[in-house]
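Working notes for the structure below.
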Amino acid sequence: DFIDVKSGVYDRGKSRKNRVEAREVVKQYKELKKKFPEKSIGIIAFSIAQENAIREEFRVAGINIEESINSQREELFIKNIETVQGDERDIILISVGYGKDSSGKLSYHFGPLNRDGGYKRLNVAITRSRFKTMVLSSISPERIKS
Numbered sequence: 074d075f076i077d078v079k080s081g082v083y084d085r086g087k088s089r090k091n092r093v094e095a096r097e098v099v100k101q102y103k104e105l106k107k108k109f110p111e112k113s114i115g116i117i118a119f120s121i122a123q124e125n126a127i128r129e130e131f132r133v134a135g136i137n138i139e140e141s142i143n144s145q146r147e148e149l150f151i152k153n154i155e156t157v158q159g160d161e162r163d164i165i166l167i168s169v170g171y172g173k174d175s176s177g178k179l180s181y182h183f184g185p186l187n188r189d190g191g192y193k194r195l196n197v198a199i200t201r202s203r204f205k206t207m208v209l210s211s212i213s214p215e216r217i218k219s
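Number 164 in the working numbering belongs to position 91 of the sequence shown; there are no gaps in the numbering.
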């Protein structure tokens, strides 16, 4: 599934976070836990900064993720695209994080994906799901110029 986070803003040059998108990840997580309570969930962010934004939004929402992350059942992980290697879950939420900045400018720098082998990291991220994958992005495909 694709979730277009139309109001997302990437804080380019500063925190490098997209807090609106991070809040949407938490919202989707809560909805998925209600709909599929028995399923495990993995959250993959395209950057360390976005991973941190997601963790912060879980705290703001009052959700204690440490219990789920550290449980024997491995219910949840939150990682960035560079550290997700062998992890699988039933449901994967991918937060792109990048998008237009506060002035409306879209930069085509996508962190680890722009580096050598970036396509391999993306391939690993999109193959971590056993049941369902959701991509959340503040960049819709039609906004990207080829």
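Each residue gets a CB set at the ideal place from its N, CA and C atoms; glycine is no exception. Computed from a predicted structure; not experimentally measured.
**Item:** First and last residue of the uninterrupted alpha helix (DSSP H) at residue 126
**Value:** 121-133
**Asked** How would you write the range of the alpha helix (DSSP H) that residue 195 sits in, first residue to last?
**Response** 191-199
**Message:** According to DSSP, simplified to helix, strand and coil, what is residue 86?
**Reply:** coil
**Item:** Validate contact between the region 108-115 and the region 155-168 using beta carbons, cut 8 angstroms, 3 pairs
**Value:** yes
**Asked** In three-state terms, what does DSSP make of residue 115?
**Response** strand
**Item:** residue 205 (DSSP reduced to helix, strand or coil)
**Value:** strand
**Request:** Evaluate residue 132 with the Cβ neighbour count: other Cβ atoms within 10 Å of its Cβ, from every protein chain shown; 16 or more gives buried, anything less gives exposed.
**Result:** exposed
**Item:** Alpha carbon of residue 123 to alpha carbon of residue 93, nearest angstrom
**Value:** 11 angstroms
**For residue 81 and residue 173, the rounded distance between their alpha carbons** = 8 angstroms
**residue 247 (DSSP reduced to helix, strand or coil)** = Absent from the model: residue 247. The displayed extent of the chain is 74 to 219, so no value can be given.
**Prompt:** Does DSSP put residue 153 in a helix, a strand or coil?
**Reply:** strand
**Prompt:** Would you say residue 208 and residue 158 are within 8 angstroms of each other, going by their C-beta atoms?
**Reply:** no
**Request:** Compare the C-beta of residue 189 against all C-beta atoms of chain D and say whether one is closer than 8 angstroms.
**Result:** Of the protein chains in this structure there is only one, and it is not chain D.
**Request:** Could you name the residues of the same chain whose beta carbon sits closer than 7 angstroms to that of residue 178, not counting the 5 residues immediately before and after it, in chain order?
**Result:** none
**CB-CB length for residue 171 against residue 83, believed under 8 angstroms** = 5 angstroms
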